[in-house]
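Protein chains: 2
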Amino acid sequence: MISKTPNAPYYAVIFTSLKVSGANGYETMSDRMVELAKVQPGYLGMESVRDASGMGITTSYWENLESISNWRKNSEHREAQSFGKEKWYSDYKVRICKVERDYSL
Amino acid sequence: MISKTPNAPYYAVIFTSLKVSGANGYETMSDRMVELAKVQPGYLGMESVRDASGMGITTSYWENLESISNWRKNSEHREAQSFGKEKWYSDYKVRICKVERDYSL
Chain H
0 MISKTPNAPY YAVIFTSLKV SGANGYETMS DRMVELAKVQ PGYLGMESVR DASGMGITTS
60 YWENLESISN WRKNSEHREA QSFGKEKWYS DYKVRICKVE RDYSL
Chain G
0 MISKTPNAPY YAVIFTSLKV SGANGYETMS DRMVELAKVQ PGYLGMESVR DASGMGITTS
60 YWENLESISN WRKNSEHREA QSFGKEKWYS DYKVRICKVE RDYSL
């Protein structure tokens with residue numbers, strides 16, 4: 000569940016979101032996006048947690064900014080983004096980051 | 000619940016953890032750490048989610064690397080880190096990141 004990312008530097012996208020209750024179609028699309036992300040060039044891993052209140056943080060890890068940009072522009076992902084904006088999320092924020100160092104237990 | 004961070008660049012710490020069940024004293028210490036982090040120089044915000052399985056992601060936001068380093072070395076925080084390693088977490092990873100850009104709903 001904790002991604003085994005390579006040595007830094009690499010990139011991270013922090014996606015923090017508040018999901019509305021009864022977000023129709025969300026689970027199916029969310030599962031599909033996880034599967035689709037995994038096969039994108041430059042994908043390194045993903046961690047995702049959502050609590051009962053609807054607050055969620057998903058972090059995805061990427062080799063470089065180009066791989067993040069390509070994933071953002073993926074047509075199926077764009078469709079999911081539209082649903083997210085219109086129906087599923089009352090608020091969200093995306094942060095594009097360079098991971099400069101990391102350490103584990 | 001989503002931090003109103005300033006314009007990028009700024010820094011983020013992604014703390015992903017797996018909490019053991021029945022982690023004695025965790026809630027009290029966790030609440031204390033949130034309060035303590037908020038009064039550290041350079042603190043910009045924090046987002047935290049943990050699900051019923053014990054998986055959690057906490058992101059904290061900081062002005063610069065120095066503020067992150069100072070927080071890591073804070074004596075009360077060091078004590079909490081020790082408890083975390085010894086008693087509360089079965090695994091964790093810390094990633095220090097530079098937030099290069101961000102956008103919201």
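Note that the protein sequences, when read in sequence, are chains H and G.
The numbering of the first sequence is my numbering, which starts it at 0 and goes up by one.
The numbering of the second sequence is my numbering, which starts it at 0 and goes up by one.
All C-beta atoms, glycine included, are put in the ideal place defined by N, C-alpha and C.
Span of the alpha helix (DSSP H) holding residue i?
i               : result
Thr27 (chain G) : 25-37
Ile67 (chain H) : 64-72
Can you find a C-beta in chain H that's less than 7 Å from the C-beta of residue i?
i               : result
Ala22 (chain G) : no
Ile1 (chain G)  : yes
Using a C-beta cutoff of 7 Å, does residue i count as contacting chain G?
i                : result
Val12 (chain H)  : no
Glu99 (chain H)  : yes
Val93 (chain H)  : yes
Ser103 (chain H) : yes
Ile67 (chain H)  : no
Over what stretch of residues does the beta strand (DSSP E) that includes residue i continue unbroken?
i                : result
Thr4 (chain G)   : No beta strand (DSSP E) holds Thr4 (chain G); DSSP gives it neither H nor E.
Leu184 (chain H) : Coverage of chain H is limited to positions 0 through 104, which leaves residue 184 (chain H) absent and any answer about it impossible.
Val93 (chain G)  : 88-103
Ser59 (chain H)  : 54-61
At a Cβ cut of 9 Å, what residues of the stretch 25-53 of chain H count as close to chain G, listed as they run along the chain?
Glu46, Ser47, Val48, Arg49, Asp50, Ala51, Ser52
Check whether the stretch 90-98 of chain H and the stretch 29-36 of chain H are in contact - that is, three or more C-beta pairs closer than 8 Å.
no
Any chance the stretch 66-78 of chain H sits against the stretch 1-18 of chain G, with 3 or more Cβ pairs inside 8 Å?
no
Residues in the stretch 55-80 of chain H with C-beta within 9 Å of chain G's C-beta atoms, listed in sequence order?
Gly55, Ile56, Thr57, Thr58, Tyr60, Leu64
Answer yes if the stretch 18-31 of chain G comes into contact with the stretch 62-71 of chain G, meaning at least three C-beta pairs across the two stretches below 8 Å, and no otherwise.
no
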